[in-house]
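Residue numbers for the sequence shown follow numbering that gives the first Met the number 0, so the first one is 0 and each next one is one higher.
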Amino acid sequence: MTSPPVSNVGGTAQGMTSPDLGQRHGPVALLVPLSGPYAGIGRSIEQSVKLAFSTHGAPRLDIENTGGTPSGAAAAAHAAINDGAGLILGPLTKGETQAVAPIAQAAGVNVLAFTNDNSIAQPGVWPMGISPDQQVSRVVSYAIESGRTRTAAILPEGQFGRLMAAALRQTAARLGTPPPRIGYYSASFASLNATTRSISQFDSRGAGLMARIRAARDQDNAAGRRLADKLRTEPVPPPPFDALLLGATGEDLAELQTFLPYYEAGPPQVQLLGPALWASKAKAMATHDALRGALYAAPDPAAGLPFEQKFEATYGGGKPPSIDKVAFDAAAIAVLAAHEGGYTTAVLTNPTGFAGTDGVMRLLPDGHVERGLAVFRVEPGGPKIVSPAPQTLPSPASPPNA
Numbered sequence: 000m001t002s003p004p005v006s007n008v009g010g011t012a013q014g015m016t017s018p019d020l021g022q023r024h025g026p027v028a029l030l031v032p033l034s035g036p037y038a039g040i041g042r043s044i045e046q047s048v049k050l051a052f053s054t055h056g057a058p059r060l061d062i063e064n065t066g067g068t069p070s071g072a073a074a075a076a077h078a079a080i081n082d083g084a085g086l087i088l089g090p091l092t093k094g095e096t097q098a099v100a101p102i103a104q105a106a107g108v109n110v111l112a113f114t115n116d117n118s119i120a121q122p123g124v125w126p127m128g129i130s131p132d133q134q135v136s137r138v139v140s141y142a143i144e145s146g147r148t149r150t151a152a153i154l155p156e157g158q159f160g161r162l163m164a165a166a167l168r169q170t171a172a173r174l175g176t177p178p179p180r181i182g183y184y185s186a187s188f189a190s191l192n193a194t195t196r197s198i199s200q201f202d203s204r205g206a207g208l209m210a211r212i213r214a215a216r217d218q219d220n221a222a223g224r225r226l227a228d229k230l231r232t233e234p235v236p237p238p239p240f241d242a243l244l245l246g247a248t249g250e251d252l253a254e255l256q257t258f259l260p261y262y263e264a265g266p267p268q269v270q271l272l273g274p275a276l277w278a279s280k281a282k283a284m285a286t287h288d289a290l291r292g293a294l295y296a297a298p299d300p301a302a303g304l305p306f307e308q309k310f311e312a313t314y315g316g317g318k319p320p321s322i323d324k325v326a327f328d329a330a331a332i333a334v335l336a337a338h339e340g341g342y343t344t345a346v347l348t349n350p351t352g353f354a355g356t357d358g359v360m361r362l363l364p365d366g367h368v369e370r371g372l373a374v375f376r377v378e379p380g381g382p383k384i385v386s387p388a389p390q391t392l393p394s395p396a397s398p399p400n401a
């Protein structure tokens, strides 16, 4: 048996000031969907968690089926707590976690959930997935510190877009740059087009140039006509931002790579920024001039290779899904915590953090999770790291760096 790759970064849990909440002993309960539409994901998560628990001296692991529903997750949480669970891993989704949280908190049991929705973060409940705010904060910070200080965003309506917007505003405020311009679009060509045109202020930018052309033409003489012809070759003034955060993927992103040049709101005047979802699309994106050079923040794939290789060697069947790395890290933290004083908030919120398969991370007492992500640039030969993932996180008492 081998030790899990998750470890404390730089020390143990001694000497911390976090509230000592949670349990010190008991089995670890894994709450996953082993039936229903998410059963395949649940079984894969179970395999990854068992891999972390294959170390010598790991605590007992109890597995409870949530069925992929909030009511099923609540029943699983009750069953786990009745069996003496000291810590809960999972459940999978935001809705399930919302059902489990009050049950676990009433019993004084901490929860490492697998969702990436940080709106459910609260003391004793940590969403372990890589959240939109973690991605946005990292890539926007990098852009601002590289001199792109006037930010804007074109984001989809809905929770994902709103979370990205909140992170953009918070990052701009933290770094002392002007408030960003933010526009939302619905799932239609017309809405995306209108939002892009509005955010870019294309009408007002082009209006001044058109007014000059009309004034020259209205002179009704040769000099005026020559001036009008010359003015027609002048570019439209640049947009009121030099960094643009996009929440689009798929067809929406394909349409944006046409709209942005048309409204003269793309490279090179504007640095495009996007979500970690771009990682799987980066090679295709690089075939479009408007998207080449775009930046996104995501885990360094090299960090997760040892886990992926061990998973494939143990179970076969190819590379595990990304959620398995989240589950494995949560499980490995549980194993480590069992040897360092128990599953208390004081242990879990070790300020030195943990080194996991998606990079360094730190659990905060309020339920939020900080992560060290890399910044990638979309290039024809494949995405290139332009800012490596940090190996350690700054002191919690200091403003986080990009």
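All residues carry an ideal CB built from backbone N, CA and C; glycine is no exception.
Per DSSP, the unbroken alpha helix (DSSP H) holding E250 starts and ends at 249 to 261.
K49 and G303 have their alpha carbons spaced roughly 17 Å apart. Note on geometry: alpha-carbon atoms of T257 and R196 lie some 12 Å from one another. Contact annotation: the region 292 to 306 touches the region 357 to 364, with at least three C-beta pairs closer than 8 Å. By the criterion of at least three beta-carbon pairs nearer than 8 Å, the region 21 to 35 is in contact with the region 337 to 347.
Cβ contact annotation for A336 (same chain, cutoff 7 Å, sequence separation greater than five): Y342, V346, L347, in chain order.
Contact annotation: P274 and Y295 have beta-carbon atoms nearer than 9 Å. Look at L20 here: in three-state DSSP terms it is coil, with no helix or strand label. An exposed status is given to S394, since fewer than 16 other beta-carbon atoms sit within 10 Å of its beta-carbon. Between L271 and L154, the CB-CB gap reaches or exceeds 9 Å. For I212, the secondary structure class from DSSP, reduced to helix, strand or coil, is helix. Membership of A103 in the alpha helix (DSSP H) is indicated by the continuous run 93 to 106. If the five residues before and after T92 are omitted, its C-beta is found closer than 7 Å to the C-beta atoms of T114, all from its own chain and listed in chain order.
For the set A186, A373, F306, the Cα lying nearest the Cα of I44 is the one of F306.
Excluding sequence positions up to five before and after G89, its CB lies within less than 7 Å of the CB of L29, L30, V31, A112, F113, all in the same chain and listed in chain order. Note on geometry: alpha-carbon atoms of A210 and I143 lie some 34 Å from one another.
Around R147, the same chain offers D241, A242, Q270 as residues with beta carbons nearer than 7 Å, after the five sequence neighbours per side are excluded.
Using a 10 angstroms sphere on the CB of D116, the tally of other CB atoms reaches 16 or more, which defines it as buried.
Residue environment: P179 is assigned as buried (16 or more neighbouring CB atoms within 10 Å of its CB, all protein chains considered). DSSP places S321 inside the alpha helix (DSSP H), whose first and last residues are 321 to 337. Restricting attention to beta strand (DSSP E) runs no shorter than 3 residues, the region 119 to 202 encloses them at 124 to 126, 150 to 155, 180 to 184, ordered along the chain. Secondary structure of Y295 (DSSP, three-state): strand.
In its chain, beyond the 5 residues on either side, P26 have a beta carbon closer than 6 Å to the beta carbon of R59.
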